[in-house]
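Below is one structure, written out as structure tokens, with a few remarks after it.
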Ligand SMILES: *Cc1c(COP(=O)(O)O)cnc(C)c1O
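Residue numbers (my numbering): 94 to 495.
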């Protein structure tokens, strides 16, 4: 949780600005707010950092990906390709905007692969919800080629990839729109918050209106504003925006330190037999929030997890058995356990979620152990962690040899 590691005076200052005026709402009240516009400033900061032409902040990252897809024209009955390894929010967002998730294979990038996408493409495919996982980026050259060739709508869920870029372009800017999360577990937090970026003015206007009941935000009389479209309330509050603003300013520093520590860990661990790493499609653009280890096979990874637990080494995720990140534990998706009927259930789902063949994804996630990189570590702590990981991997392979 790098963002929350550095929480202090800067966040309190921004929050206090809002508390001084009492205007917790992001729109209007021009007199009383005395020039304090935190959501706007947060958006300017996101724009500056990503070089996006437009940014809009909202209540959370789940809303942000749903809004990004809706504003890109994805809706009822549209088939959207999704990964089986993501945070469940991406799949829920596709379902809740009325579209139909189609699962495709990921690869060692931990993201959907061009090859995986190609295999499930049909004339009915509308688009891709591409998720940049564990701080890195997908193979954008390969995927963009497919997007252009098949005229697909690309939307990026960069929920956990703020600060990542591919060949100089920030994630979120390859498709029509892209989303970020600023929840409590991301590189920067707003407590709860999300952002959508785009280079298209037309898409931005849809995002802006859709996330606030259709308001066009023209003029100074909120009750008399035009409503070109229907929307809903996905607004961020000024208090959350204040925290997100202070945190976002810290991301360049957090990323720099994370990169240094991730490189130290990688250099040490690459000498241990049996350890390899997830593929970084652009090492220079890695946000370095996670060190992603690949063990030789699922059994070796599970034995390593046991050894890490035995040695009391924390701070890692074994996603293969995680309830919210990998499809193996998604019985609620497979059985469409919903509180009320979704369009996908009414229209029919072409894929049998209970009989998905995703051997590559199973293999990669079975082998993956991800360590959260912390910007508040000391170099001693980094070396000690590398040593502990190395010992756990060696102990695991010794167990296997018996
Ligand atoms: C965190 C995350 C989300 C959801 O963000 P919230 O702000 O928690 O709603 C969506 N997608 C991905 C890939 C995430 O990691």
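We put the CB at the ideal spot given by N, CA and C, even for glycine.
| Asked | Found |
| --- | --- |
| Residue 401 - containing beta strand (DSSP E), residue span | Counting along the chain, residue 401 falls outside any beta strand (DSSP E), though it belongs to the alpha helix (DSSP H) covering 391-403. |
| Rounded straight-line distance, which links the Cα of residue 263 to that of residue 144 | 7 Å |
| The segment 407-419 / the segment 456-468 touching (three or more Cβ pairs under 8 Å) | yes |
| C-alpha gap between residue 440 and residue 429, whole angstroms | 13 Å |
| Any non-hydrogen atom of ligand 1 closer than 7 Å to residue 250 Cβ | yes |
| Assigned secondary structure, residue 436 (DSSP; H/G/I helix, E/B strand, else coil) | helix |
| C-beta atoms of residue 192 and residue 173 nearer than 8 Å | yes |
| Inter-residue spacing [alpha-carbon to alpha-carbon] between residue 300 and residue 447 | 34 Å |
| For residue 267 and residue 246, the rounded distance between their alpha carbons | 10 Å |
| Separation of residue 401 from residue 485, as counted between CA atoms | 6 Å |
| Bridge-paired residues (DSSP) for residue 301 | Per DSSP, none; premise fails for residue 301. |
| Where residue 431 falls, given that 16 or more other Cβ within 10 Å makes a residue buried | exposed |
| Any non-hydrogen atom of ligand 1 closer than 7 Å to residue 290 Cβ | no |
| Identified DSSP bridge partners for residue 194 | 173 |
| Inter-stretch contact at 8 Å, needing at least 3 Cβ pairs: the segment 466-482 / the segment 349-362 | yes |
| Beta bridge counterpart(s) of residue 461 as assigned by DSSP | 387 |
| Simplified DSSP state of residue 199, which is helix, strand or coil | strand |
| Where the alpha helix (DSSP H) containing residue 354 begins and where it ends | 331-362 |
| Segment limits, alpha helix (DSSP H) that includes residue 189 | 182-189 |
| Cα-Cα separation between residue 222 and residue 426, rounded to whole angstroms | 17 Å |
| Best match in 458, 397, 387, 341 for proximity to residue 103 [C-alpha to C-alpha] | 341 |
| CA-to-CA distance, residue 150 to residue 345, given in whole angstroms | 19 Å |
| Pairwise C-alpha distance: residue 156 and residue 118 | 18 Å |
| Complete beta strand (DSSP E) runs within the segment 119-158 (minimum length 3 residues, chain order) | 147-151 |
| Contact check, residue 297 vs residue 375, beta carbons under 8 Å | no |
| Pairwise C-alpha distance: residue 388 and residue 176 | 21 Å |
| Integer-rounded CB distance, given that residue 132 should sit under 8 Å from residue 272 | 16 Å between Cβ atoms; not a contact. |
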